[in-house]
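Input: a single structure, listed below in structure tokens.
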Amino acid sequence: MDRAESDGDSPDSGAEAPKKQRSFWKELPLLIGIALILALLIKTFLVQAFSIPSDSMQNTLQRGDRVLVDKLTPWFGSEPERGEVVVFHDPGGWLEDTVLPEPNVAQKFLSFIGLMPSAEEKDLIKRVIAVGGDTVECKKNGPVTVNGKALDEKSFVFAGDTPCNDEPFGPIKVPDGRIWVMGDHRSNSLDSRYHQELPGQGTVSTDEVVGRAVVVAWPVNRWATLPVPGTFDQSGLNAVAAVAPGALGAAAALPLVLWRRRRLTRGHTAG
Numbered sequence: 001m002d003r004a005e006s007d008g009d010s011p012d013s014g015a016e017a018p019k020k021q022r023s024f025w026k027e028l029p030l031l032i033g034i035a036l037i038l039a040l041l042i043k044t045f046l047v048q049a050f051s052i053p054s055d056s057m058q059n060t061l062q063r064g065d066r067v068l069v070d071k072l073t074p075w076f077g078s079e080p081e082r083g084e085v086v087v088f089h090d091p092g093g094w095l096e097d098t099v100l101p102e103p104n105v106a107q108k109f110l111s112f113i114g115l116m117p118s119a120e121e122k123d124l125i126k127r128v129i130a131v132g133g134d135t136v137e138c139k140k141n142g143p144v145t146v147n148g149k150a151l152d153e154k155s156f157v158f159a160g161d162t163p164c165n166d167e168p169f170g171p172i173k174v175p176d177g178r179i180w181v182m183g184d185h186r187s188n189s190l191d192s193r194y195h196q197e198l199p200g201q202g203t204v205s206t207d208e209v210v211g212r213a214v215v216v217a218w219p220v221n222r223w224a225t226l227p228v229p230g231t232f233d234q235s236g237l238n239a240v241a242a243v244a245p246g247a248l249g250a251a252a253a254l255p256l257v258l259w260r261r262r263r264l265t266r267g268h269t270a271g
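Okay, structure coming up:
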């Protein structure tokens with residue numbers, strides 16, 4: 001009897017013992033793996049860091065700046081727009097004489113997952129001046145014009161530089177699906193002006209564009225966004241859009257005019 005009571009007071013032998021938590025060190029590899037996958041996805045689809053290798057975009061960007069490039073919007077069909085600062089792959093022949101430093105294994109890995117700027121790819125960064133369908137031109141001592149409209153570039157062109165006196169050009173009609181790019185430091189930028197002998201006549205295919213540089217992320221004391229200068233929003237710059245409403249109106253009115261003429265002709269014939 002006493003034995004039975006004793007057994008009843010004992011813990012239930014069928015109850016499950018509490019599960020032992022895995023140690024932090026066992027969880028760490030999984031956490032690192034997830035973090036690397038997320039970093040790779042972000043680098044592939046969202047943003048990527050790029051290092052500024054030259055002075056061609058002064059004073060907007062300085063050599064050694066790190067910029068973050070928006071890679072997401074191109075996935076939704078967005079095309080580069082006038083005034084944007086964009087990163088693009090070498091279209092061919094722009095950087096053929098440029099020797100890149102050989103990165104070590106750690107740099108290659110961190111670059112691959114997007115935690116460091118691109119280590120091996122030959123990429124350039126310039127400002128979009130004209131897009132497909134635009135006519136761009138710059139004569140000596142004159143401003144850059146897009147579709148006949150002069151650009152006021154004082155807010156971003158390097159102090160003391162002229163718009164194009166070192167290399168006047170144009171007029172050039174930019175083919176659809178391509179862009180005309182120039183550096184902000186005009187006297188120190190081998191941009192579209194200097195590659196007109198190549199296929200595309202100095203223009204860059206939008207397929208080569210990695211994305212738009214949206215912010216200077218490093219060094220901290222140079223943190224800044226990279227907005228589109230106001231001169232690219234001026235009225236009438238988009239010649240195609242300005243002409244389109246008139247063309248559409250004429251196209252819509254033509255059938256009405258022909259119908260009215262036909263009625264008048266029939267009336268005269270019947271009389």
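In full-length UniProt numbering, the protein residues as written are 1 to 271.
Where is the CB? At the ideal position from N, CA and C, for every residue including glycine.
| query | result |
| --- | --- |
| Between Ser145 and the rest of its own chain, which residues show a CB-CB distance below 6 angstroms, the 5 nearest in sequence each way excluded? | For the sequence presented, residue 145 should be read as Thr rather than Ser. Closer than 6 angstroms at Cβ, skipping near neighbours: Glu137. |
| Distance check for His185 and Ala159, CA to CA, integer angstroms please. | 8 angstroms |
| Please check the pair Val128 and Val86, which I expect to be a contact at CB under 8 angstroms, by giving their CB distance rounded to whole angstroms. | 6 angstroms |
| Going by DSSP in three states, Arg63 sits in which element: helix, strand or coil? | coil |
| What is the DSSP secondary structure of Arg186, counted as helix, strand or coil? | helix |
| Assess, as a yes-or-no matter, whether the stretch 146-154 is touched by the stretch 225-233 under the definition of 3 or more beta carbon pairs within less than 8 angstroms. | yes |
| How many angstroms separate the CA atom of Pro227 from the CA atom of Pro29? | 40 angstroms |
| Take Arg63 as the anchor and find which of Asn238, Gly200, His195 and Ser189 has the nearest alpha-carbon. | Ser189 |
| Check whether the Cβ of Asp65 lies closer than 7 angstroms to any Cβ atom in chain D. | This model lacks chain D altogether; it includes just one protein chain. |
| Out of curiosity, what's the CA-to-CA distance linking Leu95 and Asp191? | 11 angstroms |
| With a 10 Å radius around its C-beta and 16 neighbouring C-beta atoms as the bar for buried, classify Lys140 as buried or exposed. | exposed |
| Do Val69 and Phe88 have their C-beta atoms closer together than 7 angstroms? | no |
| Taking only runs of the beta strand (DSSP E) that begin and end inside the stretch 148-195, which ones reach a length of at least 3 residues, in chain order? | 169-173 and 178-182 |
| Check for me: the beta strand (DSSP E) holding Asp123 runs from which residue to which? | Asp123 to Val131 |
| Can you tell which of Glu197, Gly83 and Asn59 has its C-alpha closest to the C-alpha of Leu237? | Gly83 |
| In terms of residues, what are the limits of the beta strand (DSSP E) holding Gln48? | Val47 to Ser51 |
| Taking the C-alpha atoms as reference points, what is the distance between Gly142 and Val210? | 32 angstroms |
| At which residues does the beta strand (DSSP E) containing Phe88 begin and terminate? | Val85 to His89 |
| Is Gly93 buried or exposed, if buried means 16 or more other CB atoms sit within 10 Å of its CB? | exposed |
| Considering Val144, what are the terminal residues of the beta strand (DSSP E) in which it resides? | Val144 to Val146 |
| Closest to His195 by CA distance: which of Pro168, Trp218, Pro53 and Ala217 is it? | Pro168 |
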